[in-house]
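S.K.: Before I ask anything, here is the structure I am working with.
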Amino acid sequence: MRKLFLLLIMLQSYHATSQEIEGQYRDYFSRSIDLREDKTFLFEYRFDLSSGWAKGVWSFNESIVSLTPILVMDTLLGLEDIDSLVLSFNKVSERVTREEYLITQLASGGQLHKLVPEQLAYKNKRLYLLDDKRRIEKKKIRGMQSTKKRGTWYFLTK
5 MRKLFLLLIM LQSYHATSQE IEGQYRDYFS RSIDLREDKT FLFEYRFDLS SGWAKGVWSF
65 NESIVSLTPI LVMDTLLGLE DIDSLVLSFN KVSERVTREE YLITQLASGG QLHKLVPEQL
125 AYKNKRLYLL DDKRRIEKKK IRGMQSTKKR GTWYFLTK
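Position one of the sequence shown corresponds to residue 5 (my numbering), numbered consecutively onward.
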């Protein structure tokens, strides 16, 4: 009986570690988050001809995953040796000409750092969005091409 009691106490005090939550997650709305072992993440959104991404670092504390996007910047070669920084279209920082930069602005893609959720709750191998009061959002919503309602959480795929 005593062993059973100790086992119950141990199970109740169990908290996930950051190694346990590493992996690739996706939701039902074309978004994915890859939490990597080196504490970096890649957020991606793909829908029809539109896509976007964000890179950054993540941390884990008391079942809350915090995501901090880090902007990838390109150096835009300017006139008269005056260069400036612009958001990179791809995931690698580089030097671009004005023409190359203008072409990327016509495409429907690039960095989407504003779509990255700041914090997610980890529970049962899922990442849940949090509301303004830091409670797990449990409501289900309809997708664009379906009448079926789905949860807004991310589930582990790899």
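Quick reminder that beta carbons are idealized off the backbone N, C-alpha and C, glycines included. Predicted, not measured: the structure shown is a model, and the values here were computed from it.
(1) Using 7 Å as the threshold, is the C-beta distance between Gln109 and Leu91 below it?
(2) Give the single residue among Thr21, Gln23, Phe45, Ser36 whose Cα lies nearest to the Cα of Phe159.
(3) Three or more C-beta pairs under 8 Å: does that hold for the region 72-89 against the region 48-64?
(4) For Ser70 and Glu84, what's the separation of their Cα atoms in angstroms?
(5) Assign Gln115 to one of three DSSP states: helix, strand, or coil.
(6) Mapping DSSP to helix, strand and coil, what is Thr108?
(7) Classify Val120 as buried or exposed, calling it buried when 16 or more other Cβ atoms lie within 10 Å of its own Cβ.
(8) So what does DSSP say about Asp78, is it helix, strand or coil?
(9) Note down the Cα distance separating Thr44 from Ser63, rounded to an integer number of angstroms.
(10) Give the C-beta separation of Thr156 and Asp52 to the nearest angstrom, bearing in mind that I take them to be a contact with Cβ-Cβ under 8 Å.
M.R.: Looking at the atomic coordinates:
(1) If you number the sequence shown from 1, residue 109 lands on position 105. If you number the sequence shown from 1, residue 91 lands on position 87. No, the Cβ-Cβ distance between Gln109 and Leu91 is not below 7 Å.
(2) Taking the sequence shown and counting its residues from 1, the one referred to as residue 159 is at position 155. Ranking the options by Cα distance to Phe159, first place goes to Ser36.
(3) yes
(4) For this step, residue 70 is matched to residue 66 along the sequence shown. For this step, residue 84 is matched to residue 80 along the sequence shown. The straight-line gap from Cα to Cα measures roughly 42 Å.
(5) Start at 1 with the first residue of the sequence shown, and residue 115 comes out as number 111. Three-state DSSP puts Gln115 in a strand.
(6) Residue mapping note: residue 108 aligns to position 104 of the sequence shown, counting from 1. Thr108 falls in the helix class under three-state DSSP.
(7) Residue 120 sits at position 116 when you count from the first residue of the sequence shown. Val120 should be labelled buried.
(8) Here the question's residue 78 lines up with position 74 in the sequence shown. In this structure, Asp78 counts as strand in the three-state DSSP scheme.
(9) By 1-based counting over the sequence shown, the position of residue 44 is 40. By 1-based counting over the sequence shown, the position of residue 63 is 59. About 9 Å.
(10) Residue mapping note: residue 156 aligns to position 152 of the sequence shown, counting from 1. Residue mapping note: residue 52 aligns to position 48 of the sequence shown, counting from 1. Actually they are not in contact, since the Cβ atoms of Thr156 and Asp52 sit about 20 Å apart, beyond 8 Å.
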